[in-house]
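Okay, structure first, notes after.
Numbering (the working numbering), first residue to last: 4 to 226.
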């Protein structure tokens, strides 16, 4: 009988023995694996796992908030950097060149009196710009630029400015509009479409400007 058992075991397909070897380490050849499984689904064990999961989520949420705060702070510093004062350029080349440099650095466009529009070319400021210190800036297209309250200082120095586009500027708010009265003697056209921080209260500040025609409901308000 022993020899017959040996022969029958040898007659088992090799793939069957392989499958048994794969299963055996999981259940350990007996019921200990089942007992271990019962402990895993034990109510007390589930509560402990639930508390551990909640703690993990709480720690992870804190990490997300920390990263979010860091990114927000970095964004604020970037906006402040873009709105820094161009004091050196203003002292050496005057307010027109300083204001134009500020807008061009932000990716906007400027038009000097009796000149073509000047736009960023990806190679730095044009050498022609430094020759225009005595030529007034008559139009500025700052659409989408990161201009904020401080950055407006560069534009308010342009006393001959006739056209100003602040379309889709994310940092232009009601406080900014309250400063535009300083351009009342020259400004004829103002575009504020797509500025998310402007409210009706800010638009009410435009009454300080002297209107030359009614304010329209379009993208540009002609003053």
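The beta-carbon is built from N, C-alpha and C at its ideal position, and this holds for glycine as well.
Could you check whether residue j and residue i sit closer than 9 angstroms to each other, using their CB atoms as the reference points?
i: residue 102; j: residue 158; result: yes
i: residue 180; j: residue 154; result: no
i: residue 152; j: residue 191; result: no
i: residue 186; j: residue 167; result: yes
i: residue 173; j: residue 149; result: yes
i: residue 165; j: residue 141; result: yes
i: residue 105; j: residue 139; result: no
Expressed to the nearest angstrom, what Euclidean distance is found between the alpha-carbon atoms of residue i and residue j?
i: residue 93; j: residue 58; result: 56 angstroms
i: residue 162; j: residue 189; result: 7 angstroms
i: residue 79; j: residue 51; result: 42 angstroms
i: residue 53; j: residue 143; result: 60 angstroms
i: residue 120; j: residue 89; result: 21 angstroms
i: residue 134; j: residue 117; result: 14 angstroms
i: residue 77; j: residue 68; result: 14 angstroms
i: residue 202; j: residue 124; result: 34 angstroms
i: residue 211; j: residue 113; result: 25 angstroms
i: residue 208; j: residue 55; result: 55 angstroms
i: residue 176; j: residue 147; result: 14 angstroms
Would you mind sorting residue i into buried or exposed? The rule is 16 or more other CB atoms within 10 Å of its CB.
i: residue 145; result: buried
i: residue 75; result: exposed
What are the boundary residues of the alpha helix (DSSP H) that residue i is part of?
i: residue 141; result: Segment 140-144 is the beta strand (DSSP E) holding residue 141; no alpha helix (DSSP H) there.
i: residue 104; result: 98-108
i: residue 227; result: With the chain represented from 4 up to 226, any question about residue 227 goes unanswered, as that position is not in the structure.
i: residue 119; result: Where residue 119 is concerned, there is no enclosing alpha helix (DSSP H), given that its DSSP letter is neither H nor E.
Kindly indicate the opening and closing residues of the beta strand (DSSP E) around residue i.
i: residue 112; result: 112-115
i: residue 193; result: 192-194
State the beta-bridge partners of residue i as determined by DSSP.
i: residue 176; result: 200
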